[in-house]
Every structure is written in C-alpha cells, then in structure tokens.
Ligand SMILES: [Zn+2]
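In full-length UniProt numbering, the protein residues as written are 1 to 179.
Given below as structure tokens:
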C-alpha cells in the first residue's frame, strides 16, 4: 500500500467511525459504544501491558474530544469549516485544471445529475448534483446549460479526483454571475 503523503490527521468523524453527514443520534450511538469499550475503569480489569493501556487511554481521550466537538452543533459547524478549508489547502497543490460548470458534461443518473470532465489520462473527473447539494448548491439544468439556481450562495470550489490517476481538477462554483 502506498502511503498518501497528504494524509492528514484522523478527523473527529474517523475517530468515532461515523460518516461526515451523520446525524446527532448516530454520532451519539457511535460515541457510546466507543467510550464503553475504551473506558479506563474497564481497562483496569484487563491484562494489557502499560504501553497498550497508554494507547487505549489516548484513544479514549480522542474519542472524548471528538464527541465534545461533534455533539455541539455550533462547534461541529465550525469544525466542518476548518476541515474543509484544510483539505482545500492540501489538495490545491495537486490540481491540474480549473473548471467551471460550463466546462462539465452532464448526464441524468437516477435522481441526480452526473457531471464529468475528461482527464488527460482518458478517465473522468466527476461528481453528482447530490454532492453539490450537500455543499449548499442546487443545480439548474436548462437544456445543455447548467447553472446554480441559488445565485446568492457564496462562491466556492470543490476538488474532483480523477477516477484513475492522481490528477485532480478544481470546479469553481458560482463565479459567473456577471455573465
Ligand atoms: Zn486521470
């Protein structure tokens, strides 16, 4: 396995083993089971060596910390923003192309609109409209032209990995209001 040099520290979501769009109940359930299995009281009864106890204690503190942040909606929101911007910074280094919605081809797929753009390697950079919706952008399709229907959203960008190679493209959103 090749180590990803851009691998950032484990996120609070990864610590609790939940998806980033998990709701409060899911996060709480995951926290409870993690905390239960790692709780220091329980460890005293085990025959772990000191060093692995130490690791488990670190783990327990990580779980506690993650729960503190994610259980509070305002601190979670703040954390999500930080996470997003740190990812943007990290990934910007590898971006091969800057794209706008006009550059993307679109195809209907079930309930969503699939957007794609061909990479140099022949495979595609792609994402679908549900992913954009999660970021707060709803798409409007008018024949062949695709635009963002909620024009008051802030400009943003999303990094699209290629399906095959390590290149990435940056899709710049909502920057075409003046056209
Ligand atoms: Zn590629």
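Every residue gets a Cβ at the ideal spot worked out from N, C-alpha and C, and that includes glycine.
Contact under 7 Å by Cβ, residue i with residue j
{"i": "residue 100", "j": "residue 172", "result": "yes"}
{"i": "residue 89", "j": "residue 170", "result": "no"}
{"i": "residue 167", "j": "residue 66", "result": "no"}
{"i": "residue 146", "j": "residue 137", "result": "no"}
{"i": "residue 38", "j": "residue 56", "result": "yes"}
{"i": "residue 31", "j": "residue 20", "result": "no"}
Same chain only: Cβ atoms within 6 Å of residue i, ignoring 5 sequence neighbours per side
{"i": "residue 163", "result": "123, 124"}
{"i": "residue 182", "result": "No answer is possible for residue 182: it lies beyond the span of the chain, which begins at 1 and ends at 179."}
{"i": "residue 129", "result": "112, 113, 139"}
{"i": "residue 26", "result": "18"}
{"i": "residue 121", "result": "164, 165"}
{"i": "residue 24", "result": "none"}
Beta-carbon proximity list for residue i, same chain, < 7 Å, skipping 5 on both sides
{"i": "residue 179", "result": "With a pLDDT of 45 at residue 179, under the threshold of 50, the modelled position of this residue cannot be trusted, and the question is left open."}
{"i": "residue 107", "result": "114"}
{"i": "residue 62", "result": "15"}
{"i": "residue 76", "result": "69, 70"}
{"i": "residue 153", "result": "136, 137, 174"}
Residues sharing a beta bridge with residue i, DSSP
{"i": "residue 116", "result": "105, 126"}
{"i": "residue 168", "result": "95, 161"}
{"i": "residue 173", "result": "156"}
{"i": "residue 55", "result": "None, per the DSSP bridge assignment."}
Delimiting residues of the alpha helix (DSSP H) encompassing residue i
{"i": "residue 15", "result": "12-16"}
{"i": "residue 36", "result": "24-38"}
For residue i, the first and last residue of its enclosing beta strand (DSSP E)
{"i": "residue 138", "result": "Where residue 138 is concerned, there is no enclosing beta strand (DSSP E), given that its DSSP letter is neither H nor E."}
{"i": "residue 147", "result": "145-148"}
Residues of its chain near residue i, where Cβ-Cβ distance is below 8 Å and the 5 sequence neighbours each way are ignored
{"i": "residue 131", "result": "158"}
{"i": "residue 109", "result": "128"}
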